[in-house]
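Residue 760 in this note's numbering is what sits at position 402 of the first sequence, and the numbering runs on without skipping anything.
A short worksheet on the structure shown next.
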Amino acid sequence: MKLTIHWFRRDLRLADNTALSEALESKNNVLPIFIFDEEILSELRDDDPRVNFIYDSLKLIDQKLKEHNSSVLCLKGKPFEIWKKLIQNYSIESVYTNKDYEPYAKERDLKIKALLKAHGIEFLSFKDQVIYEEQEIVKNDGSPYTMFTPYKNKWLRLFTCPDTKPPFSFINFYKVTFQMPSLEEIGFQSSNIRVRNYDLLKVDDYAENRDLPINDSTSYLGPHLRFGTISVRHIISQLKPQNDVFLSELIWREFFIQILHNYPHVVHQNFRSKYDGVEWLNNNSDFEKWCNGRTGYPMVDAGMRQLNETGYMHNRVRMITAGFLCKHLLIDWRWGEAYFAKKLLDYELSSNNGNWQWAAGTGCDAAPYFRIFNPMEQLKKFDKDKSYIKKWITEYGSDAYPEPMVEHTFARSRALKAYQIGMN
DNA sequence: CCTGGAGTTGTCCTA
DNA sequence: TTAGGACAACTCCAG
């Protein structure tokens, strides 16, 4: 008996899943699989909360399938080796996936597609993660956008509310129940930090609250978009006309996905080489203070502590902490980017990279280099009653809280000078 | 090809 | 107290 395989990656849901729906319409039974990729996992701590979240999400899918005498086959190893074994053990006709736009994933998929092809197996991938992908929103001459506003205008001009996939019958799943390995068997243990459930109702207050870090008014959609436990089509189909500011943020997400695809050099280099000459100080002990939230600037420290303790950080505070690292401490944005990548539950290469380059002033459509946030001004504006900083800095106001590690005016003019000298 | 308007999220100084 | 301009030009993009 021939099988169709649906390979789950970052689309960890049954509802409104493009590739899965397509697979279930093929003539064969569908075996869903997931591969815990050793090459990615080996970089992580053994209590990484994101692995916990992936595991929990798979467990939910598996439980649902088990109600229908089916299951998810969970494997661990290097994807290429795993696929070699799968080809031997099963009679596979085709493999269905949702497209992934990150450099590592693109390369992985190319290799596996070639491997499958050599065995006469079809590899199909579908647009699912985004509304418009890399080549769909382009300038009239066919080249990609590098500025957000014209990109967004084109996006909105083309946009029609997407159809979500209708519910399906479970009858076409392959009727085998595999036991799911435990988290420990995968080499991980449970984490104290948890991904929170999303709340689409919060989207209504987004525009007025997005600048106020104390208002717990965020939707917490980030990790769910990252791992596909909700579909972006579903989110957008729930939006009202007055949610335009929130929609804008989803368009930013697609803007940076598109930038990463079309300009892959941004992963390691400045989008604008003009700034390649900026000499970073890259002081290790300064960096450590920033990481640990002990800079002496409460807005920066509160943000870093929120990140360290919860895996989340408010949008406004991400800008302030990032700007502080690049401008006040003159530390290479890549250091900060790597730290956020390690800690953020909603870490996404394209957005993280795009926004760090924005903060550093080296990116496409970035903040001008001379725009330097004043952390005390930001505190006055966005946390007037100091409730956010007091929430995260318990020793605030006591001797235990450090003095500012660098004086603002001095750091500001030092940064301006470094950028002016480094620019070409 | 030329042209003109515009560009996520600020801050500081001066009048 | 507050409003306006400087910061620094440059590149992008549509017409």
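We treat Cβ as the ideally placed atom computed from N, Cα and C, and that holds for glycine.
None of the values given here were measured: they were computed from a predicted structure.
Keeping to the same chain, check which residues put their C-beta closer than 8 Å to that of Ile588; ignore five residues upstream and five downstream.
Position 230 of the first sequence holds residue 588. Its chain contains Arg371, Tyr556, Leu579, His582 as the residues whose beta carbon lies nearer than 8 Å to that of Ile588, once the 5 sequence neighbours on both sides are disregarded; these appear in chain order.
Quick one: give me the first and last residue of the alpha helix (DSSP H) that Val625 is part of.
Indexing the first sequence from 1 puts residue 625 at position 267. DSSP places Val625 outside any alpha helix (DSSP H), giving it a letter other than H or E.
Would you list the residues sitting across from Tyr454 in a DSSP beta bridge?
Here residue 454 is taken as the residue at index 96 of the first sequence, counted from 1. According to DSSP, Tyr454 bridges with His364, Leu482.
State the DSSP-derived secondary structure class of Val764, mapped to helix, strand or coil.
To locate residue 764, count along the first sequence from 1; it is residue 406. Residue state, collapsed to three classes: coil.
For Ser745, is the classification buried or exposed, using 16 other Cβ atoms within 10 angstroms of its Cβ as the cut-off for buried?
Start at 1 with the first residue of the first sequence, and residue 745 comes out as number 387. Exposed, since its Cβ has fewer than 16 Cβ neighbours within 10 Å.
Pick from Thr455, Glu543, Pro762 that is closest to Phe366, judged by C-alpha positions:
As a working mapping, residue 366 is identified with position 8 in the first sequence. With distances taken between Cα atoms, Phe366 lies closest to Thr455.
Give me the residue from Glu612, His592, Gly694, Tyr448 with the minimum Cα distance to Lys512.
Translated into the one-based positions of the first sequence, residue 512 becomes position 154. Nearest to Lys512 by C-alpha distance, out of Glu612, His592, Gly694, Tyr448, is Glu612.
Residues near Phe526 in its chain [Cβ-Cβ closer than 7 Å; skip 5 each side]:
Sequence index remark: in the first sequence, residue 526 carries index 168 (1-based). For Phe526, where only same-chain residues beyond five positions count, the Cβ hits under 7 Å are Ser379, Leu382.
Within 10 angstroms of its Cβ, does Met657 collect 16 or more other Cβ (buried), or is it exposed?
Here residue 657 refers to the residue found at position 299 when the first sequence is read from its first residue. Buried: at least 16 other Cβ atoms inside 10 Å.
Do Glu492 and Gln795 have their beta-carbon atoms positioned less than 7 Å apart in this structure?
Since the first and last residues shown for the chain are 359 and 782, residue 795 lies out of range.
Quick one: using the 10 Å Cβ neighbour count with 16 as the cut-off for buried, is Ala773 buried or exposed?
As a working note, residue 773 is residue 415 in the first sequence. Buried, by the Cβ-count rule.
Go through its chain and collect everything with a Cβ distance to Asp486's Cβ below 8 Å, but skip five positions before and after it.
In the first sequence, residue 486 corresponds to position 128, counting from 1. Apart from sequence neighbours up to five positions away, the residues of its chain that approach Asp486 with a beta-carbon distance below 8 Å are Asp369, Asn375, Thr376, Ala377, Asn456, Lys457, Gly586, Ser589, ordered along the chain.
On a Cα-Cα basis, can you pick out the residue from Asp467, Ala476, Gly478 that is closest to Gly484?
Within the first sequence, the letter at position 126 stands for residue 484. Residue 484 is actually Phe in this sequence, not Gly. Residue Asp467 is the option with its Cα nearest to Phe484.
Specify whether the region 519 to 533 and the region 382 to 391 touch according to this definition: at least 3 beta carbon pairs, one from each stretch, less than 8 Å apart.
Segments in contact, yes.
Does the Cβ of Gln736 have 16 or more other Cβ atoms within 10 Å, making it buried, or fewer, making it exposed?
As a first step, residue 736 is located in the first sequence; it is residue number 378 there, counting from the start. The residue in question, Gln736, is buried, as its Cβ has 16 or more Cβ neighbours within 10 Å.
Helix, strand or coil: how does DSSP classify Lys742 here?
On the first sequence, position 384 is the one that residue 742 refers to. In the three-state reduction of the DSSP assignment, Lys742 falls in the coil class, being assigned neither a helical nor a strand state.
Expressed to the nearest angstrom, what Euclidean distance is found between the alpha-carbon atoms of Lys442 and Phe411?
What you label residue 442 is simply residue 84 of the first sequence in a count that begins at 1. What you label residue 411 is simply residue 53 of the first sequence in a count that begins at 1. When only Cα atoms are considered, Lys442 and Phe411 end up about 27 Å apart.
Determine the direct distance from the alpha carbon of Glu425 to that of Leu444, and round the result to whole angstroms.
Taking the first residue of the first sequence as 1, we reach residue 444 at position 86. Taking the first residue of the first sequence as 1, we reach residue 425 at position 67. CA-to-CA, the gap between Leu444 and Glu425 works out to about 25 Å.
Could you give the uninterrupted runs of the alpha helix (DSSP H) lying entirely in the region 647 to 731, keeping only those of 4 residues or more?
The qualifying runs are 656 to 668, 673 to 681, 691 to 701, 707 to 718.
Return the CA-CA distance between Ser540 and Val553, expressed in angstroms with no decimal places.
Mapped onto the first sequence, residue 540 falls at position 182. Mapped onto the first sequence, residue 553 falls at position 195. One C-alpha to the other measures close to 19 Å.
Environment of Tyr462 [buried if 16+ CB atoms lie within 10 Å]
By one-based count along the first sequence, residue 462 stands at place 104. Tyr462 comes out exposed.
Just to check my reading of the structure: Ile594 and Pro524 have Cβ atoms closer than 8 Å, yes? What is that Cβ distance to the nearest angstrom?
As a first step, residue 594 is located in the first sequence; it is residue number 236 there, counting from the start. As a first step, residue 524 is located in the first sequence; it is residue number 166 there, counting from the start. Not a contact, Cβ separation roughly 17 Å.
Specify the secondary structure class of Lys749 as computed by DSSP and reduced to three states.
Within the first sequence, residue 749 is the residue found at index 391, counting from 1. Note: Lys749 maps to helix in three-state DSSP.
When the Cα atoms are used, what is the spatial distance from Ala696 to Arg403?
By one-based count along the first sequence, residue 696 stands at place 338. By one-based count along the first sequence, residue 403 stands at place 45. C-alpha of Ala696 to C-alpha of Arg403: approximately 14 Å in a straight line.
With distances taken from CA atoms, which of Asp690, Ser631, Pro733, Tyr509 is nearest Glu494?
Reading the first sequence from its first residue, position 136 is the one you call residue 494. It is Tyr509 whose Cα lies nearest to the Cα of Glu494.
If you pair each beta-carbon of the region 682 to 691 with each one of the region 621 to 640, do three or more pairs fall below 8 Å?
Yes: at least three Cβ pairs fall under 8 Å.
Let me check one thing: in DSSP terms, what residues is Asn387 bridge-paired to?
Position 29 of the first sequence, counted from the first residue, corresponds to residue 387. Leu361, per the DSSP bridge assignment.
Return the residue from the list Arg568, Thr522, Phe682 that minimises the CA-CA distance to Arg591.
Residue mapping note: residue 591 aligns to position 233 of the first sequence, counting from 1. The option with the nearest alpha carbon to Arg591 is Thr522.
Would you kindly work out how many angstroms separate the C-alpha atoms of Asp562 and Ile609, rounded to a whole number?
For the purposes of this step, residue 562 is identified with residue 204 of the first sequence, where counting begins at 1. For the purposes of this step, residue 609 is identified with residue 251 of the first sequence, where counting begins at 1. Computed Cα separation, rounded: 17 Å.
Buried or exposed: where does Met671 fall if 16 or more other Cβ atoms within 10 Å of its Cβ makes it buried?
Mapped onto the first sequence, residue 671 falls at position 313. When all chains shown are included, Met671 counts as buried.
Spatially closest choice to Val675 from Arg652, Ile572, Ala725, by CA coordinates:
Position 317 of the first sequence, counting from 1, holds the residue named residue 675. Out of Arg652, Ile572, Ala725, Ile572 has the C-alpha closest to the C-alpha of Val675.
Measure the beta-carbon distance from Leu431 to Phe394 and round it to whole angstroms, keeping in mind my assumption that it falls under 8 Å.
Position 73 of the first sequence, counted from the first residue, corresponds to residue 431. Position 36 of the first sequence, counted from the first residue, corresponds to residue 394. In fact, because the Cβ distance is near 12 Å, the residues do not count as touching under 8 Å.
Nearest to Phe604 (by Cα), restricted to the options Leu482, Ser575, Gly669, Arg584:
If you number the first sequence from 1, residue 604 lands on position 246. The option with the nearest alpha carbon to Phe604 is Ser575.
Closer than 8 Å by C-beta to Arg630: which residues in its own chain qualify, once you throw out the five before and the five after it? Chain order, please.
Against the first sequence, residue 630 aligns to sequence position 272. Contacts found: Thr720, Gly721, Cys722, Ala724.
Apart from the five residues just before and just after Asp618, which ones in its own chain have a Cβ nearer than 8 Å to its Cβ?
Indexing the first sequence from 1 puts residue 618 at position 260. According to the sequence as given, residue 618 is Leu; it is not Asp. If you ignore the 5 residues before and after Leu618, its C-beta comes within less than 8 Å of the C-beta of Tyr459, Glu460, Pro461, Val624, Val625, Leu707, Ser708, Asn711, Gly712, all in its own chain and listed in chain order.
Kindly indicate which three-state DSSP category Val561 falls into: helix, strand or coil?
Position 203 of the first sequence, counted from the start, is the residue given in the question as residue 561. Val561 falls in the helix class under three-state DSSP.
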